[in-house]
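Okay, structure first, notes after.
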Amino acid sequence: MKELKKINRLHKNKVLIFAMFIVFSCMAGCSLQRNPVPIAQMPNAELISIKKVRTWGGQFSPHFQKDLVESIRQERQGDFPLKPDGSTSYSALAISGGGSNGAFGAGFLCGWTQAGTRPKFKLVTGISTGALIAPFAFLGPEYDKELEKVYTTITKKNIFEVRSIVSLLWEESFAETDSLKRLIEQNIDQDLMDAIAAEHARGKRLYIGTTNLDAQRFVVWNMGAIANSGHPDAIELFSKVMLASASIPGAFPPVYFDVEAVGKRYDEMHVDGGTIAGVFFHGFTLDLPAARKEVFGDKAPEPGGAIYIIRNGKIAANPEQVPRNLVKIIPRALATLTRSQGWGDLYRVYVITKRSQIDFNYVGIPDDDVATSKEAFDQTEMNRLFDLGFEIAKSGYKWHKVPPGLDNSP
Numbered sequence: 026m027k028e029l030k031k032i033n034r035l036h037k038n039k040v041l042i043f044a045m046f047i048v049f050s051c052m053a054g055c056s057l058q059r060n061p062v063p064i065a066q067m068p069n070a071e072l073i074s075i076k077k078v079r080t081w082g083g084q085f086s087p088h089f090q091k092d093l094v095e096s097i098r099q100e101r102q103g104d105f106p107l108k109p110d111g112s113t114s115y116s117a118l119a120i121s122g123g124g125s126n127g128a129f130g131a132g133f134l135c136g137w138t139q140a141g142t143r144p145k146f147k148l149v150t151g152i153s154t155g156a157l158i159a160p161f162a163f164l165g166p167e168y169d170k171e172l173e174k175v176y177t178t179i180t181k182k183n184i185f186e187v188r189s190i191v192s193l194l195w196e197e198s199f200a201e202t203d204s205l206k207r208l209i210e211q212n213i214d215q216d217l218m219d220a221i222a223a224e225h226a227r228g229k230r231l232y233i234g235t236t237n238l239d240a241q242r243f244v245v246w247n248m249g250a251i252a253n254s255g256h257p258d259a260i261e262l263f264s265k266v267m268l269a270s271a272s273i274p275g276a277f278p279p280v281y282f283d284v285e286a287v288g289k290r291y292d293e294m295h296v297d298g299g300t301i302a303g304v305f306f307h308g309f310t311l312d313l314p315a316a317r318k319e320v321f322g323d324k325a326p327e328p329g330g331a332i333y334i335i336r337n338g339k340i341a342a343n344p345e346q347v348p349r350n351l352v353k354i355i356p357r358a359l360a361t362l363t364r365s366q367g368w369g370d371l372y373r374v375y376v377i378t379k380r381s382q383i384d385f386n387y388v389g390i391p392d393d394d395v396a397t398s399k400e401a402f403d404q405t406e407m408n409r410l411f412d413l414g415f416e417i418a419k420s421g422y423k424w425h426k427v428p429p430g431l432d433n434s435p
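Under our numbering, think of the first position of the sequence shown as 26, with each following residue one higher.
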């Protein structure tokens with residue numbers, strides 16, 4: 026009798042495996058139709074709506090450089106602190122990805138305000154969950170309450186909904202993000218856009234990163250320029266960029282942008298900026314010393330300033346015994362890849378800062394912190410992380426001054 030049950034179980038497992046094989050074979054032939062940019066024209070594609078508001082990461086951008094020069098000329102006396110020699114001292118903020126761990130970064134910013142040491146930032150950058158935080162951080166402490174609300178009141182229902190198994194035959198992701206789209210649209214209204222545009226006009230800059238999956242390249246978006254464009258599609262584009270930056274490929278659907286190249290219209294597929302970089306400074310798009318020299322000539326001030334990186338995750342390895350199970354191995358491997366990428370991101374930014382004599386600072390979730398839930402966007406856990414970040418910053422955090430492994434700083 027026992028042997029018969031074993032045979033029946035084995036037969037059922039074979040049927041299940043065969044059924045899964047059929048399903049995934051069908052999926053391969055059921056891809057959705059689109060109109061992608063021809064490979065040869067990918068470097069030339071431009072948005073149909075608003076021009077000159079994005080650039081490739083990893084290479085110098087003449088129009089972003091021109092905008093940087095303009096930003097220096099837009100500054101008003103007293104907007105930024107002065108160095109002993111009378112020149113302007115700049116601070117930049119870079120906020121990493123990390124999903125629901127973004128609650129830590131949100132809490133840290135609010136606690137930093139309470140500590141009374143939070144600077145006014147010349148440049149704010151964000152990726153993924155950092156892209157959702159960045160607009161509020163860019164506008165300053167006056168928007169701390171809005172930031173706190175976003176990261177302490179939501180649940181996973183406000184972010185995504187898992188699709189049915191059957192729908193995977195024709196869909197491009199395991200979950201749909203209509204709820205996240207609505208959340209972004211609720212927060213990115215005309216008042217917020219006007220506030221961002223006003224700060225942009227005063228010389229501050231807000232960059233968000235996405236990944237062009239067709240081109241396999243990082244894209245930097247000048248969000249303040251979008252807000253300041255006066256274009257009727259500005260809010261829609263701004264919201265789409267934020268959604269794209271947080272769209273984990275495979276898990277969440279890509280975001281498509283209408284572009285044109287050589288007089289023809291196409292679409293670009295964009296996903297989470299964290300696919301390429303978990304955090305970034307200016308993506309090698311700018312030449313900071315050259316911008317100062319163009320504005321001030323021979324009287325250009327010495328390089329300097331500071332960058333502050335908020336990493337919404339841990340830095341150290343998190344040892345764990347992994348079962349011999351596909352469902353366990355894949356996420357563990359992805360988590361390991363993400364952690365390794367996080368190290369590389371910090372070192373890349375560090376190299377840029379050393380070249381420009383900029384003070385390097387970063388903070389992350391303490392390595393000894395123990396999560397109370399492994400569920401994504403668990404509200405109780407997000408509130409705990411918010412409070413953790415808040416208290417760490419409020420108490421006067423001693424920043425890491427070099428990337429992990431270069432010394433034993435706290």
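Here a beta-carbon is modelled for each residue, glycine too, at the ideal position from N, C-alpha and C. Just so it is clear, the structure is predicted and the values come from calculations on it, not from any experiment.
Is it the case that the CB of H425 approaches a heavy atom of the ligand ZN more closely than 6 Å?
Only the bare structure without any ligand can be found here, which leaves the ligand ZN out of the picture.
Sequence-distant residues of its chain with Cβ nearer than 6 Å to V374 (five each side left out)
Locating residue 374 in the sequence shown gives position 349, where the first residue counts as 1. Correct list, in chain order: F306.
For S117, which of I260, R143, K419 and V94 has the nearest alpha-carbon?
The residue given as residue 117 occupies position 92 in the sequence shown. According to the sequence shown, residue 117 is Ala rather than Ser. For the residues I260, R143, K419 and V94, the minimum Cα distance to A117 belongs to R143.
Looking at P428 and L362, is the spacing between their C-beta atoms short of 7 Å?
As a working mapping, residue 362 is identified with position 337 in the sequence shown. As a working mapping, residue 428 is identified with position 403 in the sequence shown. Not a contact, by the Cβ cut-off of 7 Å.
Between the alpha carbons of D323 and F411, how many angstroms are there, rounded?
Locating residue 323 in the sequence shown gives position 298, where the first residue counts as 1. Locating residue 411 in the sequence shown gives position 386, where the first residue counts as 1. Their Cα atoms are separated by approximately 46 Å.
I'd like the list of long-range same chain contacts for A200, defined as Cβ closer than 7 Å, with 5 residues on each side in sequence excluded.
For the purposes of this step, residue 200 is taken as the residue at position 175 of the sequence shown. Contacts found: F185, E186, V187, R188, A276 and F277.
Output the distance between the C-alpha atoms of N247 and M267, rounded to the nearest integer angstrom.
Locating residue 247 in the sequence shown gives position 222, where the first residue counts as 1. Locating residue 267 in the sequence shown gives position 242, where the first residue counts as 1. If you take the alpha carbons of N247 and M267, they lie about 12 Å apart.
Cβ neighbours of T177 in the same chain (closer than 6 Å, five flanking residues each side left out):
Sequence index remark: in the sequence shown, residue 177 carries index 152 (1-based). Apart from the 5 residues on each side of it in sequence, T177 sits with its Cβ closer than 6 Å to the Cβ of N408 and F411 in its chain, given in chain order.
What residues in its chain sit with their C-beta under 7 Å from that of Q99, if we drop five residues either side in the sequence?
The count along the sequence shown starts at 1 and reaches residue 99 at position 74. Only residues of its own chain outside the window of five on either side were considered, and among them A226, R227 and G228 have a CB closer than 7 Å to the CB of Q99, listed in chain order.
Would DSSP call I335 helix, strand or coil?
Along the sequence shown, read from residue 1 onward, the residue named residue 335 stands at position 310. DSSP places I335 in strand when its eight states are reduced to three.
Any idea what DSSP makes of W246, helix, strand or coil?
As a position in the sequence shown, residue 246 is number 221, starting the count at 1. Of the three classes helix, strand and coil, the one that applies to W246 here is strand, per DSSP.
Specify the secondary structure class of D425 as computed by DSSP and reduced to three states.
Taking the first residue of the sequence shown as 1, we reach residue 425 at position 400. A small fix is needed here, since residue 425 is His in this sequence, not Asp. When DSSP states are grouped into helix, strand and coil, H425 belongs to the strand group.
Would you identify the three-state DSSP class for N69, choosing helix, strand or coil?
On the sequence shown, position 44 is the one that residue 69 refers to. The answer is helix: DSSP assigns N69 an H, G or I state.
Contact set for S254: own chain, Cβ-Cβ below 6 Å, skip 5 residues either direction
To locate residue 254, count along the sequence shown from 1; it is residue 229. Non-local C-beta neighbours of S254 in its own chain, meaning closer than 6 Å and more than five positions away in sequence, comprise I75, ordered along the chain.
C-beta atoms of G130 and N386 nearer than 7 Å:
Stepping through the sequence shown from its first residue, residue 130 is reached at position 105. Stepping through the sequence shown from its first residue, residue 386 is reached at position 361. No.
Using a threshold of 7 Å, state whether the C-beta atoms of I273 and D297 are closer than that.
To locate residue 273, count along the sequence shown from 1; it is residue 248. To locate residue 297, count along the sequence shown from 1; it is residue 272. Closer than 7 Å, so yes.
G330 to K426, Cα distance in whole Å?
The count along the sequence shown starts at 1 and reaches residue 330 at position 305. The count along the sequence shown starts at 1 and reaches residue 426 at position 401. Annotation: G330 to K426 spans about 14 Å, alpha carbon to alpha carbon.
Member of F309, E400, Y168 and T113 whose CA lies at the smallest distance from the CA of I221:
Reading the sequence shown from its first residue, position 196 is the one you call residue 221. Residue nearest to I221 within the set F309, E400, Y168 and T113 is Y168 (criterion: CA-CA distance).
Kindly list the residues whose CB is nearer than 6 Å to the CB of S264, restricted to its own chain and excluding five residues on each side of it in sequence; keep chain order.
By 1-based counting over the sequence shown, the position of residue 264 is 239. Scanning its chain for C-beta atoms nearer than 6 Å, with the 5 sequence neighbours on each side dropped, one finds around S264 the residues I209, E210 and I213, in chain order.
Per-residue DSSP class, three states only, for I47
Here the question's residue 47 lines up with position 22 in the sequence shown. Because the pLDDT of I47 is 47, which lies under 50, any placement of that residue in the model is unreliable, and the question is left without a value.
On the three-pair Cβ rule with 8 Å, is the segment 111-125 touching the segment 150-158?
Contact between the segment 111-125 and the segment 150-158 is present, because at least three Cβ pairs lie under 8 Å.
Determine the extent of the alpha helix (DSSP H) in which H256 is found, giving its start and end residues.
Counting from one through the sequence shown, the residue named residue 256 turns up at place 231. Membership of H256 in any alpha helix (DSSP H) is not indicated, and neither H nor E is assigned to it by DSSP.
So, with DSSP's three-state summary, where would you put N126?
Translated into positions along the sequence shown, residue 126 becomes position 101. Look at N126 here: in three-state DSSP terms it is helix.
According to DSSP, is K145 helix, strand or coil?
Here residue 145 corresponds to residue number 120 of the sequence shown, with the count starting at 1. DSSP places K145 in coil when its eight states are reduced to three.
Leaving out five residues before and five after G303 in sequence, what residues of the same chain have Cβ atoms less than 6 Å from its Cβ?
In the sequence shown, the residue the question calls residue 303 occupies position 278. Counting only residues of its own chain and dropping the five nearest sequence neighbours on each side, G303 has a CB closer than 6 Å to the CB of S121, G122, Q366, G367 and D370.
Less than 7 Å between the beta carbons of I332 and I383, yes or no?
By one-based count along the sequence shown, residue 332 stands at place 307. By one-based count along the sequence shown, residue 383 stands at place 358. With contacts defined by Cβ atoms closer than 7 Å, I332 and I383 form a contacting pair.
Where E196 and D292 are concerned, what is the direct C-alpha to C-alpha distance, given to the nearest angstrom?
Taking the first residue of the sequence shown as position 1, residue 196 is located at position 171. Taking the first residue of the sequence shown as position 1, residue 292 is located at position 267. E196 and D292 have their C-alpha atoms spaced approximately 18 Å apart.
Classification of F85 by the beta-carbon crowding that lies within 10 angstroms, buried from 16 upward
One-based indexing of the sequence shown puts residue 85 at position 60. F85 should be labelled exposed.
T202 versus S112: straight-line alpha-carbon distance, rounded:
Locating residue 202 in the sequence shown gives position 177, counting from the first residue. Locating residue 112 in the sequence shown gives position 87, counting from the first residue. T202 and S112: Cα-Cα distance of roughly 46 Å.
Would you call the CB atoms of K91 and Y115 closer than 7 Å?
Numbered from its first residue, the sequence shown carries residue 91 at position 66. Numbered from its first residue, the sequence shown carries residue 115 at position 90. Cβ atoms of K91 and Y115: not closer than 7 Å.
Exposure label - E224; buried when at least 16 CB within 10 Å
Against the sequence shown, residue 224 aligns to sequence position 199. Around the C-beta of E224, 16 or more other C-beta atoms lie within 10 Å, and the residue is accordingly described as buried.
According to the neighbour-count rule (16 or more other Cβ atoms, all chains shown, within 10 Å of its Cβ), is R207 buried or exposed?
Working through the sequence shown from its first residue, we reach residue 207 at position 182. It counts as exposed.
Starting from S116, follow the beta strand (DSSP E) in both directions and report where the run begins and ends.
In the sequence shown, counting from the first residue as 1, residue 116 sits at position 91. Judged by DSSP secondary structure, S116 falls within the beta strand (DSSP E) whose first and last residues are S116 to I120.
Candidates L57, P68 and L431, of which the one nearest F243 by Cα
Position 218 of the sequence shown, counted from the first residue, corresponds to residue 243. If we check each option's Cα against that of F243, P68 comes out closest.
Beta bridge counterpart(s) of Y281 as assigned by DSSP
Position 256 of the sequence shown, counted from the first residue, corresponds to residue 281. Partner(s): M294.
In terms of alpha-carbon separation, which member of G308, I390, K318 and T378 lies closest to A342?
As a position in the sequence shown, residue 342 is number 317, starting the count at 1. The candidate whose alpha carbon is nearest that of A342 is I390.
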